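Take a look at the structure set out below.
Protein chains: 2
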Amino acid sequence: MLHPDEQDISLFAVMTALNDPVRLGIVTALGAQPEVACHRFDLPVGKSTASRHFRVLREAGVIRQRDEGTRRINSLRRPELDRRFPGFLDLVLREATANDKATR
Amino acid sequence: MLHPDEQDISLFAVMTALNDPVRLGIVTALGAQPEVACHRFDLPVGKSTASRHFRVLREAGVIRQRDEGTRRINSLRRPELDRRFPGFLDLVLREATANDKATR
């Protein structure tokens, strides 16, 4: 699996990765729970589309994935993102949660 | 001309507006100079495409436009963006400038 090094994470690649409601939902869920297996997400898309969304987030440097037996575990790369783009992830999580509440 | 009110500016609309090299170039130029007329930008696109890019930035709340005679003057909505999304605009300008240097 490809994970970009911390210094290679691009703010614009991260913003592009977040520019999708499914991926933003994944990130919001990971903001609330440190580690979540792929199959535990209740996503409104099929399995291969879901895998693609996880991959986009991973290749942009937003999440880290590791395999544990047959499960693939996801976590936010919060320490790296906070170092590279201070305050950005908190803003995104805050706004995503606010939007989510506004549309319910 | 439509300008969203400060409280209606959406971080995701702003990120989407910035997700284009021409628009990012406009924003970077406005980060260095407080007010720039549309015709003063040296953009790699035709006039109507350029107008569209300015409109996207304006409707997302990134820039303010005002007409002065036959000229349309642009400025960043920095105070509003800094209040709504502290640190975000500075991050974008810093990363855009860094990328620009890296690719020359």
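Residue numbers (the numbering used here), protein chains in the order written: chain W, 1 to 104; chain H, 1001 to 1104. No residue lacks a Cβ here, since even glycine has one placed at the ideal position from N, Cα and C. Computed from a predicted model, the values in this text were never measured in an experiment.
Which class does residue i belong to by DSSP, given the choice of helix, strand or coil?
{"i": "residue 1043 of chain H", "result": "coil"}
{"i": "residue 1072 of chain H", "result": "strand"}
{"i": "residue 14 of chain W", "result": "helix"}
{"i": "residue 9 of chain W", "result": "coil"}
{"i": "residue 1020 of chain H", "result": "coil"}
{"i": "residue 62 of chain W", "result": "coil"}
Whose C-alpha, out of the options, is nearest the C-alpha of residue i?
{"i": "residue 85 of chain W", "options": "H:1083, H:1094 and H:1081", "result": "H:1094"}
{"i": "residue 1069 of chain H", "options": "H:1038, H:1015, H:1078 and H:1052", "result": "H:1038"}
{"i": "residue 1 of chain W", "options": "W:13, W:59, W:18 and W:81", "result": "W:59"}
{"i": "residue 1074 of chain H", "options": "H:1027, H:1081 and H:1088", "result": "H:1027"}
{"i": "residue 34 of chain W", "options": "W:79, W:4 and W:3", "result": "W:79"}
{"i": "residue 1019 of chain H", "options": "H:1008, H:1056, H:1006 and H:1066", "result": "H:1056"}
{"i": "residue 15 of chain W", "options": "W:31, W:100 and W:88", "result": "W:88"}
Within the 8 angstroms Cβ cut-off, does residue i reach chain W?
{"i": "residue 1076 of chain H", "result": "no"}
{"i": "residue 1092 of chain H", "result": "yes"}
{"i": "residue 1081 of chain H", "result": "no"}
{"i": "residue 1087 of chain H", "result": "yes"}
For residue i, I'd like the list of residues in its chain whose CB is within less than 7 angstroms of its CB, leaving aside the five on either flank, ordered along the chain.
{"i": "residue 1029 of chain H", "result": "1036 and 1041"}
Within its chain, find whatever has a CB closer than 8 angstroms to the CB of residue i; leave out the 5 residues flanking it on each side and keep chain order.
{"i": "residue 1044 of chain H", "result": "1022"}
From the beta carbon of residue i, is the nearest beta carbon of chain H less than 8 angstroms away?
{"i": "residue 49 of chain W", "result": "no"}
{"i": "residue 61 of chain W", "result": "no"}
If you drop the 5 nearest sequence neighbours on each side, which residues of the same chain put their C-beta closer than 6 angstroms to that of residue i?
{"i": "residue 50 of chain W", "result": "43"}
{"i": "residue 53 of chain W", "result": "22 and 23"}
{"i": "residue 6 of chain W", "result": "80"}
{"i": "residue 13 of chain W", "result": "60"}
{"i": "residue 9 of chain W", "result": "61 and 84"}
State yes or no: is the C-beta of residue i nearer than 7 angstroms to some heavy atom of the ligand SAM?
{"i": "residue 1035 of chain H", "result": "Absence of the ligand SAM from the depicted structure is noted, as is the absence of any ligand whatsoever, leaving it without description."}
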